[in-house]
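Participant:
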Amino acid sequence: MKARFPKFDFSSLRAHWAPNQEFAQRANAASLIPAYIEPYLLKVMMQAKKRIDPSKTALHRELDIFIKQEMQHCRQHIAFNKRMHDLGYELLKPVEAEFEATFARFLATKSLRFNLAYSEGFESLSATACVLYFEDYNELLEHADPEPTNMWRWHLAEEFEHRTVCSDVYHELSGLNPVFAYFYRLYGYFYAIVHLGRFQLMVSKKLLDHDRSTMTPAQVKQSVARDKVARKIMGRHFISNFLKICSPFYNPLTRREPKGYREYLTAFEARYDRGPATDLAA
């Protein structure tokens with residue numbers, strides 16, 4: 003694990019940055035999530051850090067890196083989303099405000115145990131998404147614009163890299179015996195799937211409806227057909243991944259590494275990582 007400080011240029015970003023425009027818009031909808039869930043995760047983990055025994059030095063060290071990584075994820079997705087606003091998708095702003103308020107409510111009204119379980123559920127989904135972007139989505143990303151492609155692959159590679167942190171913190175602080183901790187972990191995972199899944203579907207629909215409002219009937223038909231292809235690929239392994247995470251023997255540490263993710267991060271650092279000193283000075 004290490005913190006990376008990339009510099010992306012979204013000034014020429016197109017909303018339809020992949021050949022399958024509907025896939026691009028579904029990914030654009032997903033980009034709203036990190037902008038608001040990452041600050042929530044940071045606050046939850048900082049609360050948790052205060053309660054973890056100082057003798058757990060390895061976990062504290064991993065949390066420090068986790069926090070730095072998530073700060074960068076948030077920063078880059080905010081910049082990406084701002085570009086979407088500038089491209090004429092200001093309809094996203096009220097949706098984002100409502101989504102942000104949800105996490106404020108979680109922090110104000112939910113227990114630390116719930117917030118840890120929800121965070122662990124989200125991190126399980128994110129580590130799965132890494133496999134998607136390095137393996138399943140290759141045909142959708144062929145000839146896609148490099149900046150958004152690299153933003154997603156870098157982000158999700160780091161999600162896989164720190165996949166154990168929220169799980170370790172949850173099990174450290176849940177206060178539950180192994181059986182109850184397992185079922186409460188599932189509760190957090192299911193909650194995250196439903197909450198975030200509904201949100202992404204809703205935003206995707208808004209973006210696609212916005213695009214289709216200026217299309218001819220023939221173009222709408224083509225759009226629907228492309229979207230069907232994208233959704234089939236995006237959901238191809240959902241059930242198998244879901245069942246693995248639901249297993250009582252699930253351990254994020256032993257998850258299979260996505261093909262090429264380590265090599266990708268090495269190449270990414272050489273091209274995009276500008277280092278913490280430059281980042282702080284910017």
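Its first residue numbered 3, the sequence shown is counted upward by one per residue in the working numbering. We put the CB at the ideal spot given by N, CA and C, even for glycine. In this text, all values refer to a predicted model and were calculated from it rather than measured experimentally.
Going straight from the alpha carbon of Y135 to that of R273, what length do you get?
Facilitator: Here residue 135 corresponds to residue number 133 of the sequence shown, with the count starting at 1. Here residue 273 corresponds to residue number 271 of the sequence shown, with the count starting at 1. Rounded to whole angstroms, the separation of the alpha carbons of R273 and Y135 is 19 Å.
Participant: Using the rule of at least 16 other Cβ atoms within 10 Å of the residue's Cβ for burial, across every protein chain shown, is T130 buried or exposed?
Facilitator: The sequence position of residue 130 within the sequence shown is 128, counting from 1. Per the 10 Å Cβ criterion, buried.
Participant: Can you give the Cα-Cα distance for R6 and L267, rounded to whole angstroms?
Facilitator: Mapped onto the sequence shown, residue 6 falls at position 4. Mapped onto the sequence shown, residue 267 falls at position 265. The alpha-carbon atoms of R6 and L267 are separated by roughly 10 Å.
Participant: Specify whether the region 172-184 and the region 49-63 touch according to this definition: at least 3 beta carbon pairs, one from each stretch, less than 8 Å apart.
Facilitator: yes
Participant: What's the C-alpha gap between L282 and N83?
Facilitator: The sequence position of residue 282 within the sequence shown is 280, counting from 1. The sequence position of residue 83 within the sequence shown is 81, counting from 1. With a pLDDT of only 35 at L282, under the threshold of 50, the placement of this residue in the model should not be trusted; the figure read from the coordinates follows. Here the alpha carbon of L282 sits roughly 22 Å from the alpha carbon of N83.
Participant: Measure the C-alpha to C-alpha separation of A232 and Q221 and round it to an integer number of angstroms.
Facilitator: Sequence index remark: in the sequence shown, residue 232 carries index 230 (1-based). Sequence index remark: in the sequence shown, residue 221 carries index 219 (1-based). Taking the straight line from one Cα to the other gives about 16 Å.
Participant: Taking all protein chains shown into account, do 16 or more other C-beta atoms lie within 10 angstroms of the C-beta of T218, making it buried, or fewer, making it exposed?
Facilitator: Against the sequence shown, residue 218 aligns to sequence position 216. Classification of T218: exposed, given that the 10 Å Cβ count is below 16.
Participant: Closest to T166 by C-alpha separation, out of G199, A29, R257 and H157, would be which residue?
Facilitator: In the sequence shown, residue 166 corresponds to position 164, counting from 1. Here the closest residue by C-alpha is R257.
Participant: According to DSSP, is P41 part of a helix, a strand, or is it coil?
Facilitator: In the sequence shown, residue 41 corresponds to position 39, counting from 1. Helix.
Participant: Does L282 come out as helix, strand or coil in the three-state DSSP assignment?
Facilitator: Here residue 282 corresponds to residue number 280 of the sequence shown, with the count starting at 1. For L282, the predicted structure reports a pLDDT of 35, less than 50, and the residue's modelled location is therefore unreliable. The matter cannot be settled from this model.
Participant: I'd like the span of the alpha helix (DSSP H) that includes E271, first residue to last.
Facilitator: Within the sequence shown, numbered from 1, the residue matching residue 271 stands at position 269. E271 -> alpha helix (DSSP H) spans Y263 to Y274.
Participant: Mind checking whether P8 and Q78 have CB atoms under 8 Å apart?
Facilitator: For the purposes of this step, residue 8 is taken as the residue at position 6 of the sequence shown. For the purposes of this step, residue 78 is taken as the residue at position 76 of the sequence shown. Yes.
Participant: What span of residues does the alpha helix (DSSP H) with G123 cover, start to end?
Facilitator: To locate residue 123, count along the sequence shown from 1; it is residue 121. Element bounds for G123: L114 to V133.
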